[in-house]
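Everything on this sheet refers to the single structure shown next.
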Amino acid sequence: MTTAKYRATPQALIFDFDGVLADTEPLYWRAWCELLKPCNIDFTWADYCRIGRGIRDENMLSSLAELISDPDAMHRLKERLPERKEIVRRWKLAQPPIAEATIALLHSVARRSLGLVTSSDRSDIEPLLHRAGIAECFTACVFGDEITAHKPDPAPYLLMREKLQVSGGIVFEDSDAGLKSAADAGFDVVRVESPDQLPALVHKLLNRDSGGKYNERT
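Note that my numbering has the sequence shown beginning at 6, numbered continuously upward.
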């Protein structure tokens, strides 16, 4: 990991959703644990962070195939993916996952060019954005169901560059896959360890001295 300097005003601020704007990654992990119970697999949080964080279900299944040797079990798991999505959707609606501090942050920087890049489908994310009152804060969004190549491929962030008409900017991501995707698309990247850190990270970056260090690339 290297540290870089950013001296100019960023052209855009771009955010991942799960694990950055919203504290949803534990919900995905719990839902996967429910699906994996019949397989008698102890699927730990560390396991999820290693193979599932920031990853689409299709790629997640490929990784799980290394843990599950029974083809029939894998087939049943694939058939239950809609159930996993519905479980997470109910949990998200029951307890909105976007903190008030993050909502306030986005409104405070809404005059800037803001982007949202997520591996989740539009139908899963847009209701949460509208419910939190932040949908209009974003100049452009890239959802998982509008592209065919997903993180860690740079395609999602290349599409964001096209939508925002920028050559670069600062991306806030929590997963290795997301960080690689953004960096390979030419963006500067900041790792967010947990959503509650985001407001302080953004404010520190925007209030930095012109020669201040902020950026951690993977």
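Just so you know, even glycine gets a beta-carbon here, dropped at the ideal spot from N, CA and C.
If we ignore side chains and look at the alpha-carbon of each, how far apart do residue i and residue j end up?
i           : j           : result
residue 171 : residue 88  : 38 Å
residue 61  : residue 115 : 28 Å
residue 32  : residue 53  : 11 Å
residue 182 : residue 166 : 18 Å
residue 51  : residue 112 : 33 Å
residue 19  : residue 126 : 17 Å
residue 141 : residue 92  : 27 Å
residue 67  : residue 30  : 19 Å
residue 55  : residue 44  : 19 Å
residue 217 : residue 206 : For residue 217, the predicted structure reports a pLDDT of 44, less than 50, and the residue's modelled location is therefore unreliable. A value from the coordinates is still provided. The straight-line gap from Cα to Cα measures roughly 13 Å.
residue 9   : residue 175 : Model confidence at residue 9 stands at a pLDDT of 43, short of 50, so the residue's coordinates are unreliable and nothing is read from them.
residue 119 : residue 160 : 18 Å
residue 76  : residue 65  : 15 Å
residue 149 : residue 94  : 16 Å
residue 177 : residue 109 : 17 Å
residue 79  : residue 189 : 32 Å
residue 96  : residue 90  : 10 Å
residue 153 : residue 162 : 13 Å
residue 36  : residue 85  : 11 Å
Please state the DSSP three-state secondary structure of residue i.
i           : result
residue 174 : coil
residue 116 : coil
residue 19  : strand
residue 218 : Residue confidence for residue 218 is low, a pLDDT of 43 falling below 50, so the modelled location carries little weight; the figure read from the coordinates is stated next. Strand, per DSSP.
residue 26  : coil
Does the beta carbon of residue i come closer than 8 Å to any beta carbon on chain D?
i          : result
residue 70 : Checking the listed chains, one finds no chain D in this structure; it contains a single protein chain.
Would you mind sorting residue i into buried or exposed? The rule is 16 or more other CB atoms within 10 Å of its CB.
i           : result
residue 49  : exposed
residue 193 : buried
residue 145 : buried
residue 196 : buried
residue 40  : buried
residue 133 : buried
residue 99  : exposed
residue 186 : buried
residue 63  : exposed
residue 129 : buried
residue 138 : exposed
residue 42  : exposed
Taking 8 Å as the threshold (C-beta atoms), are residue j and residue i in contact?
i           : j           : result
residue 57  : residue 179 : no
residue 155 : residue 199 : no
residue 107 : residue 204 : yes
residue 69  : residue 82  : yes
residue 22  : residue 164 : no
residue 103 : residue 26  : yes
residue 169 : residue 17  : yes
Can you find a heavy atom of the ligand COA that lies under 7 Å from the Cβ of residue i?
i          : result
residue 23 : In the structure shown, the ligand COA is absent, as is every other ligand, since no ligand is present at all.
> Which runs of the alpha helix (DSSP H) fall wholly inside the region 132-157 and span at least 4 residues, in chain order?
Replying inline: none
> Which runs of the beta strand (DSSP E), 3 residues or longer, sit entirely within the region 163-210?
Replying inline: 175-178 and 193-196
>> Suppose only complete runs of 4+ residues qualify. What are the alpha helix (DSSP H) ranges in the region 45-94, listed by chain order?
In response: 50-56, 62-69 and 76-84
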